[in-house]
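*Asks:* Structure in structure tokens, see below.
Here it is, written out as structure tokens:
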């Protein structure tokens, strides 16, 4: 027998309304959600649990299956114990979330703790501090040598800048920040004044650059002009009224490892980084910088091109002396905060060697200065922590051995 649905049965007859097909009656438990395992048989009924007051935890009317839309009296709504087979909607009062625990430090700023107190981190942070005077002095020597002038009087210029910067801090009144800025300016002018003598001797009078530089170091050195000014102005008996202090840059001084090295330095350190960038851009990206390089490499060719060789050499020798004076002021108003005869301790000679070591490149001067600064900071750190692996004199001689 060929079974086929009668097409006429599904045709719509005129005059009759379309009615939905009748649905089979559903049992009363159709809207009830039952929990169970489809491969297991029904489990036995659980005994009625009672609370401590003798009342059953589930009342008989609550144990029966009810449709999802039914509501129990208010008094019979209890929190049933155990796993209920019937899930019905309930109204629950929203409770406030507990307050999160706030630490004392802001999010993302965790203290370095013992990590920042390690010998390596302390030495690296101190290397930046002790290397900053070398950065300024090396930049000044680099500019002078780029113009073709060898300046061996950096040590004397640093000492004169140190004593005059300290004098300005003691004598100038006003807010501390303004006084420090003026003191740095005075130190720069003092260093440039000494450099002017050297420029006049070697550029105008065409004297020997080596002899002139050594003479300036002796004249303005520890046994010369700087020592006389310190004693005459009574600077050795008084501490600095103002001094550069470490700042908390961007609030990151507690950052592990990088915090004390990068974000806990003085403004002189950050200014030295800016000077390194400016000098590098000046020598590589500007016309005067390219001209001064031409003057230093071939004065005759630069003069034939119309470049004033004498003017360029004077200007860059004076700027180099100003940088050396600021480097000396780093000792008197930032590191030591006092005046001591010969406080540079040969830093000018290290700066001269540093320029050669860095191949006359400003960014390498920065790296080399911090390397020498690490050798200077190492004996002080070991002595402060009472670490005696080798005699102290061995560590103190390392910067000069490197030179």
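Numbering (my numbering), first residue to last: 40 to 442.
Even glycine gets a Cβ: it sits at the ideal position worked out from N, Cα and C.
Since the model is a prediction, treat every value here as computed from it, not as a measurement.
(1) Using only the alpha-carbon positions, how far apart do residue 147 and residue 304 sit?
(2) Should the stretch 161–179 be regarded as contacting the stretch 403–412, the criterion being three or more beta carbon pairs within less than 8 Å?
(3) Considering only residues of the same chain and omitting the five flanking positions on each side of residue 419, which have a CB-CB separation below 8 Å?
(4) Measuring straight from C-alpha to C-alpha, what distance separates residue 336 and residue 237?
(5) Looking at the structure shown, is residue 347 part of a helix, part of a strand, or coil, going by DSSP?
(6) Near residue 338, what residues of its chain come up, given a Cβ to Cβ distance below 7 Å and the 5 sequence neighbours on each side ignored?
(7) Near residue 241, what residues of its chain come up, given a Cβ to Cβ distance below 7 Å and the 5 sequence neighbours on each side ignored?
(8) Answer with buried or exposed for residue 423, where buried requires no fewer than 16 other C-beta atoms within 10 angstroms of its C-beta.
(9) Specify the secondary structure class of residue 287 as computed by DSSP and reduced to three states.
(10) If you check the beta carbons only, do residue 226 and residue 200 fall under 9 Å apart?
(11) Excluding the five sequence neighbours on either side, which residues of its own chain have a C-beta within less than 7 Å of the C-beta of residue 389, listed in chain order?
(12) Classify residue 366: buried if its beta carbon has 16 or more other beta carbons within 10 angstroms, exposed otherwise.
(13) Tell me which residue opens and which closes the alpha helix (DSSP H) that residue 415 is part of.
(14) In whole angstroms, what is the alpha-carbon distance linking residue 363 and residue 357?
(15) What three-state label does DSSP hand residue 302 in the structure shown?
(16) Can you name the start and end residues of the alpha helix (DSSP H) that residue 265 belongs to?
(17) Give the range of the alpha helix (DSSP H) segment to which residue 327 is assigned.
(18) Are the Cβ atoms of residue 222 and residue 372 separated by less than 9 Å?
(19) So residue 170 is in the alpha helix (DSSP H); what residue range does that whole segment cover?
(20) In terms of residue numbering, what span does the alpha helix (DSSP H) encompassing residue 282 cover?
(21) Within the continuous alpha helix (DSSP H) that includes residue 388, where are the two ends?
(22) If you draw a straight line from the C-alpha of residue 309 to the C-alpha of residue 160, how long is it?
(23) If you draw a straight line from the alpha carbon of residue 326 to that of residue 301, how long is it in whole angstroms?
(24) I need the boundaries of the alpha helix (DSSP H) containing residue 251, first residue and last residue.
(25) Compare the Cα-Cα distances from residue 256 to each of 295, 397, 430 and 386 and report the closest residue.
(26) Taking the alpha helix (DSSP H) that residue 275 falls in, what are its first and last residues?
(27) Mind checking which residues open and close the alpha helix (DSSP H) that includes residue 210?
(28) If you measure between the beta carbons of residue 331 and residue 320, is that distance less than 9 Å?
(29) Please report the distance separating the alpha-carbon of residue 381 from that of residue 198.
(30) With H, G and I counted as helix, E and B as strand and the rest as coil, what does DSSP make of residue 244?
(31) Measuring straight from C-alpha to C-alpha, what distance separates residue 206 and residue 272?
(32) Less than 9 Å between the beta carbons of residue 185 and residue 355, yes or no?
(33) Helix, strand or coil for residue 295? Go by DSSP, reduced to three states.
(34) Closest by CA to residue 290, which one among 283, 299 and 278?
(35) Just to confirm, is the Cβ distance from residue 275 to residue 208 under 9 Å?
(36) Taking 9 Å as the cut-off, decide whether the C-beta atoms of residue 195 and residue 265 are in contact.
*Replies:* Considering the structure as presented:
(1) With a pLDDT of 41 at residue 147, under the threshold of 50, the predicted position of this residue should be treated as unreliable, though the coordinate-derived value follows. Distance between the alpha carbons of residue 147 and residue 304: 21 Å.
(2) Contact between the stretch 161–179 and the stretch 403–412 is present, because at least three Cβ pairs lie under 8 Å.
(3) 165
(4) The alpha-carbon atoms of residue 336 and residue 237 are separated by roughly 20 Å.
(5) coil
(6) 187 and 348
(7) 188, 248 and 251
(8) exposed
(9) Of the three classes helix, strand and coil, the one that applies to residue 287 here is coil, per DSSP.
(10) yes
(11) 173, 411, 438 and 442
(12) buried
(13) 401–423
(14) C-alpha separation (whole angstroms): 10 Å.
(15) coil
(16) 264–271
(17) Run containing residue 327: 326–336, per the alpha helix (DSSP H) assignment.
(18) yes
(19) Unbroken alpha helix (DSSP H) run through residue 170: 158–185.
(20) Unbroken run through residue 282: none, as it is neither H nor E.
(21) 386–396
(22) C-alpha of residue 309 to C-alpha of residue 160: approximately 19 Å in a straight line.
(23) 33 Å
(24) 248–259
(25) When the alpha-carbon of residue 256 is set against those of 295, 397, 430 and 386, the nearest one is in 386.
(26) Segment: none, residue 275 is in no alpha helix (DSSP H) and carries neither H nor E.
(27) First-last of the alpha helix (DSSP H) with residue 210: 193–210.
(28) no
(29) Computed Cα separation, rounded: 7 Å.
(30) DSSP places residue 244 in coil when its eight states are reduced to three.
(31) 8 Å
(32) yes
(33) coil
(34) Closest option to residue 290, Cα to Cα, is 299.
(35) Contact flag unset, no.
(36) yes
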